[in-house]
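Using the numbering used here, you'd call the opening residue of the sequence shown number 72 and step up by one each time.
Just so it is clear, CB atoms sit at the ideal spot from N, CA and C, and this is done for glycine as well.
What follows is a single structure, written as structure tokens, with notes after it.
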Amino acid sequence: MWRSLLASEDRNADEVVTHAFVRDVELPLGAGRAALITLDNGHDHTKPNTFGPRGLLELNDAIDRVAARDDIVAVAVTGKPFIFAVGADLKGVSSLENKEEARLIGRLGHDVFRRLGELRVPSFAYYNGAAMGGGVEIGLHCTYRTISSGVPAFALPEAFLGLVPGWGGTYLLPNLIGAEKALKVVIDNPLAQNRMLKGRQAYELGIADAIFDSADFLEESLAWTARVLNGEITVTRPEVDKGKAWDDAVAMARWNLEGKLHGAAPSFTRALDLVAAAKDRSRDEGFAAEDEALADLIMSDELRAGLYAFDLTQKRAKRPAGAPDKSLARKVTKVGVVGAGLMASQLALLFARRLEVPVVLTDLDQARLDKGVGYAHGEIDKLLGKGRLSPDKANRLKALITGSLTKDAFADADFVIEAVFEEMSVKQKVFAEVEEHVSADCVLATNTSSLSVTEMAAGLRHPERVVGFHFFNPVAVLPLLEIVRGERTDDAALATAFATGRALKKSCVLVKDAPAFVVNRVLLRLLAEIVATVDEGTPIEVAERAAAPLGLPMPPFVLMGLVGPAIALHVNETLHGAFPDRFPLSDNLAKMVAAGKRGVYLPDFSLDPEVVAIFGGGTSPSTEEQVLDRALAALADEIRIMLDEGVVAAPEDIDLCMILGAGWPFHLGGITPYLDRSGIAEKTTGRRFLAPGTASLPA
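And the structure:
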């Protein structure tokens, strides 16, 4: 049945098959002979091992061969260099056409993997490299597991994409390490923008029984296997508490999930339900429940949106639309940073760590300068204390970051970025001063969040070298970099900006020089519409709850408090100046800023009564549903206008920016798939943003 339905040449011709090569290994210490299965798709580490139907069937055939032998004492599974396996072939998953096919792919994975735990001899998984999803799960079916200390990424990321760990993960993992630790891997980490574990972290959670250095990992794993088989080593694991501790862990995870997603992502809820039920289910019942969950989720819009988002972040982000030829980029051997405030200090640290070139900050007085350089040095010391840097590397990085009261320190810089007050006249003055000291080829970058790059460069002798380089806070964490091309920015400056962004390990998107660019423009249109409903009389808490179905990382007014009402007002004023009809100014927001309020909430997260009073007086309140409909219509309108203006090349770039710069949920696919699926796009603008089936089930 599997072979006819799932492994036909026509349906799976594009599958990159992960082969299962079997070789015999004589174990040390006279322990006997083991059969070692190596997973390898024939490509280097840039194309990781994945499991599609044909690969699963080939692994099944390999297990058939080793199961029939009576001359081996163990079976082990490992991966090709640097890669164990990273799960299901997502392209193949998206091609499944109905629920029965989706259920069968779940059953196939279960039926093949479980055989490793049902052999007449013990089985061993050697996690030699990156392991995710099904790559983690195949090891969970084995009797024992070792892991390399060099494993860079270990995760069950399925819920992040719109699936569940469906090949044993939600049953085997909690029954191995307990519900609390398992939920960290299955729920918490995917919820935290798909956080990954390192090899040592996976070992400390109890997922692996032993950990070895990467240099001689296979040799050490084989020696450890021999000692286990000889009885020299007895593997003991803590007993899993299946009473109150399990229930409490599930309850806490459910409370956390509801607080963050409000039921907006079905995959997380489904995964949590499976872990909760794994306490009392048999293995067969647990696996059958995973099959059913996979079938439902694979045939859902949420998964297709998640796969669309995954494709954007893995492919489009690496090949930015409209970026100039890489060969035009100039080499950057020294960086200048104008300013020594928090943002400037974060930038200096990032440039020094990623580029490993000298970075010099300038500011108006020695105290500010010392504080900025001191911050960067202090952060390096923190990394040293955490063991993330060697003492030698920490000393070298600190030596790279220096300060100067005069801008002649930029004379030999190839790239200078300003991070001063968000005021056009201030930035123009700064660039004019910098231009007096730098070479004609030095790129001048601005970290402005909303101001015109073209206007900023207008008075310079070489406006063609000015480019927008908009980071998001915190600089070290958020991966998006909006690269803004001014009207006179040339290809060499732009290519240098893109090359520098890549070297900083940021995902770069080319943006037209338009007010507030992409992320801030979209977020401010959303916020402006919601604030307007509060001005009209809608209670703050009602307006706040209205956005819950979007599953955003934080509600609108919490976000405003994080960014700062003054900054939100400033960007709103910039947008109001450009588009007064769509971005009205809120007098109440201005009063809130004038009153020195940092947000609508007090430290205990209760509403500040003084802010409530400031926003009081409106006579036309809206319901949550009305606020949401109005906000979504505004978003659809603004995004259509941005695309018509050519702010970015395509809707995909809007979604990429919102996912990477604003934490927009993967399960929505960004913003445009949600607007399409909900019908808001067509209702508001007369057409969809994406073709049917692009980020949803095929029509």
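Using a 10 angstroms sphere on the CB of Gly249, the tally of other CB atoms reaches 16 or more, which defines it as buried. The C-beta of Ser510 has fewer than 16 other C-beta atoms within 10 Å across all chains shown, which makes the residue exposed. The beta carbons of Ala145 and Thr296 sit about 6 Å from each other, so the pair counts as a contact at 8 Å. In this structure Trp326 is exposed. Its beta-carbon is surrounded by fewer than 16 other beta-carbon atoms within 10 angstroms.
In chain order, Pro692 place their CB closer than 8 Å to the CB of Pro610, counting only its own chain and leaving out the 5 sequence neighbours on each side. Non-local C-beta neighbours of Gly237 in its own chain, meaning closer than 6 Å and more than five positions away in sequence, comprise Gly177, Glu361 and Leu365, ordered along the chain.
With 16 or more other Cβ atoms from the protein chains shown falling within 10 Å of its own Cβ, Arg592 counts as buried. The segment 556–606 is shown to contain whole alpha helix (DSSP H) runs of 4 or more residues at 562–574 and 590–606, in chain order. Around the CB of Asp85, fewer than 16 other CB atoms lie within 10 Å, so the residue is classed as exposed. In the DSSP assignment, Asp95 falls outside any alpha helix (DSSP H) and within the unbroken beta strand (DSSP E) covering His90 to Leu98. Judged by DSSP in its simplified three-state form, Ser194 adopts strand.
With respect to the C-alpha of Pro586, the residue from Arg596, Leu460 and Thr404 having the closest C-alpha is Arg596.
With a cut-off of 8 Å on Cβ pairs, the segment 569–584 is not in contact with the segment 626–642, counting fewer than three such pairs.
Collapsing the DSSP output to three states places Leu623 in coil. Within 10 angstroms of the beta-carbon of Ala286 lie fewer than 16 other beta-carbons, which makes it exposed. Pro545 counts as exposed, since fewer than 16 other C-beta atoms from the protein chains shown sit within 10 angstroms of its C-beta. The C-beta distance from Gly204 to Pro228 rounds to 6 Å, short enough to fall under 8 Å. Burial state of Thr307 is exposed, judged by a 10 Å Cβ sphere holding fewer than 16 other Cβ atoms. The closest CA to that of Gly126, considering only Gly200, Gly206 and Glu168, is found on Gly206. In the three-state reduction of the DSSP assignment, Val146 falls in the strand class, which pools E and B. The segment 130–144 makes no contact with the segment 315–333; the number of CB pairs closer than 8 Å stays below 3. Spanning the alpha carbons of Met625 and Lys331 requires a straight line of approximately 7 Å. In the DSSP annotation of this structure, the continuous segment of the alpha helix (DSSP H) that includes Val346 starts and ends at Pro337 to Ala348. Counting only residues of its own chain and dropping the five nearest sequence neighbours on each side, Ser475 has a CB closer than 7 Å to the CB of Val431 and Thr433. Judged by their CB atoms, Gly741 and Ile730 are nearer to each other than the 8 Å cut-off. Taking C-beta separations shorter than 6 Å and ignoring five residues to either side along the sequence, Pro655 has no partners in its chain. Taking a contact as a CB-CB distance under 8 Å, the pair Leu345 and Leu232 does not count as one, their CB atoms being some 16 Å apart. If you compare the alpha carbons of Leu714, Asn643, Val698 and Val629 with that of Pro674, the shortest gap goes to Val629. Sequence-distant partners of Val403 (beyond 5 residues in either direction) whose C-beta falls short of 6 Å from its own C-beta, in its chain, are Asp485, Phe486 and Thr571.
Shown here, Leu332 sits in a helix according to DSSP, grouped into three states. Note that the segment 730–739 does not touch the segment 681–695; fewer than 3 beta-carbon pairs, one per stretch, sit closer than 8 Å.
Straight through space, the alpha carbons of Asn659 and Ala603 are spaced by roughly 10 Å.
Residue burial is scored here from C-beta neighbours: Lys386 has fewer than 16 other C-beta atoms within 10 angstroms and is therefore classed as exposed. Of all alpha-carbon atoms in Asp606, Gly103, Val93 and Ser165, the one lying nearest the alpha-carbon of Leu368 is that of Ser165. With distances taken between CA atoms, Thr743 lies nearest to Leu703 out of His647, Asp715 and Leu703. His181 sits in a helix when the DSSP states are folded into three classes.
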